[in-house]
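One structure is given below, encoded as structure tokens.
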Amino acid sequence: MLDPQGKVIQQILQNMGMNTLKELRQGKYFEIEINEKDENKAKNKVDEMCKKLLANLIIEDFKVNKL
């Protein structure tokens, strides 16, 4: 399934220096796949992505879950 919004967001995050970002899909929630073996580092990277771009912290909350 095509996800043009997800691809644009993925490109922006990669341009912001999120080099471990492998894939991002947007729907009711974001599915984020990154290349990071350390689980804590991976969670911190995703948390940083949410704070910098993905979530509007004034009106939205977010939660990071591992699948």
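Count along the sequence shown from 1, then add 812; that gives the number in the working numbering. We put the beta carbon where it would ideally sit given N, CA and C, even for glycine.
| Query | Result |
| --- | --- |
| Residues near E843 by beta carbon distance below 6 Å, same chain, minus five either side | R837 |
| Residues near E845 in its chain [Cβ-Cβ closer than 7 Å; skip 5 each side] | K834, E835 |
| Neighbour-count burial assignment, I871, 16 or more Cβ in a 10 Å radius | exposed |
| Helix, strand or coil at L833 according to DSSP, with G and I counted as helix | strand |
| Through-space distance from P816 to F874, alpha-carbon basis | 22 Å |
| Beta-carbon proximity of E851 to K878, cut-off 9 Å | yes |
| Per-residue burial, L814 [other beta carbons within 10 Å of its own, 16 or more giving buried] | exposed |
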